[in-house]
Structures are given as C-alpha cells and as structure tokens.
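Residue numbers (my numbering): 6 to 118.
Using N, Cα and C, we set each Cβ at its ideal position, and we do this for glycine too.
Computed from a predicted structure; not experimentally measured.
The structure appears below as structure tokens.
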Amino acid sequence: MSSATFTENLASLPEVSHLAGLNLLDSTGQNVATLLNQPGTAGSVRVYAALAARFGVLNSEAAQAGITLYAEHSIDAEANPGKHPNIDRLFAVAQGKQGPLDVVLLPVTHTGQ
C-alpha cells in the first residue's frame, strides 16, 4: 500500500459534485449497489467514479487500485469485515468472488434553471 492517506488520495481524484451517485451493475445488468453522493458515502462515490474513468469497468485490476486509494481504511476493512461495505466489495472483486461490475454514473438533475 502507498504511504498516502485516504484523505490525501481523495484530494487527488476528480471532483464529483456533478454526480448524485452511481449504480454498480453485475454482468446480467442487475443493480448490486447504489452509492449516493452524500455525507458518509461521498468519498466512495469519488473513488468508484475515478476507477470507472480510469479502467472503464470495476474488474480485479480496478478493485486493487481502489483498495490502494482507500489506504488506512482498507486495512481497517480487512480487519473488520462488514464495517466498510464499499471496500469489502473491492476485496471481493479483486479476489474474483464478485464482478466485474459496470459503474453507471448518476448525474445531478437540476430543476427550475
């Protein structure tokens, strides 16, 4: 793992204020997770959106990159399964237990403008 912290890694990723969130779809098109761009999951939306932009799909290579981006949180997730479900998902994809997953970005919809 890199020595950068999650906060430092997050600051290096593109902004996602234009996104309401994202959906993760399995190979059948089934929605397996929705991450909303709100407190508590906004960082994960930023990580997953960056992985989608870089890799096109959430495959093993992308998941491994995501685990590195989560830095110290990945260590905590590995020690405490279930505490960080968005990181647990990356471990599952990296280990071939899930995925690959398609990432569908959900843009913010503006009304009255």
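What first and last residue would you give for the beta strand (DSSP E) that runs through residue i?
{"i": "VAL109", "result": "107-112"}
{"i": "ILE38", "result": "Note on residue identity: the sequence assigns Ala, not Ile, to residue 38. That run of the beta strand (DSSP E) goes 36-41."}
{"i": "ALA25", "result": "24-30"}
Which same chain residues end up closer than 8 Å to residue i when comparing Cβ atoms and leaving out the 5 residues on each side of it in sequence?
{"i": "THR114", "result": "ALA25"}
{"i": "PRO19", "result": "ARG51, ALA54, ALA55 and ALA58"}
{"i": "GLY45", "result": "none"}
{"i": "GLY87", "result": "ASP93"}
Considering only the alpha carbon of each residue, which of the options lies closest to residue i?
{"i": "ALA76", "options": "LEU41, ALA97, ALA57 and SER49", "result": "SER49"}
{"i": "ALA97", "options": "VAL62, GLN69, SER17 and LEU41", "result": "GLN69"}
{"i": "THR33", "options": "GLY71, ALA47, GLY87 and PRO105", "result": "PRO105"}
{"i": "SER22", "options": "ASN42, ALA67, THR10 and LEU29", "result": "ASN42"}
{"i": "ASP31", "options": "ASP107, THR10 and PRO112", "result": "ASP107"}
{"i": "GLN124", "options": "THR39, LEU29 and ALA16", "result": "The chain is shown from 6 up to 118; residue 124 falls before or after that span and cannot be answered."}
Within the same chain, show all residues whose beta-carbon is closer than 7 Å to that of residue i, passing over the 5 residues directly before and after it, in chain order.
{"i": "HIS89", "result": "HIS78, ASP81 and ALA82"}
{"i": "ALA99", "result": "SER65, ALA68, GLN69 and ILE72"}
Within a Cβ cutoff of 6 Å, which residues of the same chain sit near residue i, ignoring the five residues on either side of it in sequence?
{"i": "GLY71", "result": "VAL52, LEU56 and LEU95"}
Whole runs of the alpha helix (DSSP H) within the stretch 52-88, excluding any shorter than 4 residues
Runs of the alpha helix (DSSP H) inside the stretch 52-88: 65-75 and 77-84.
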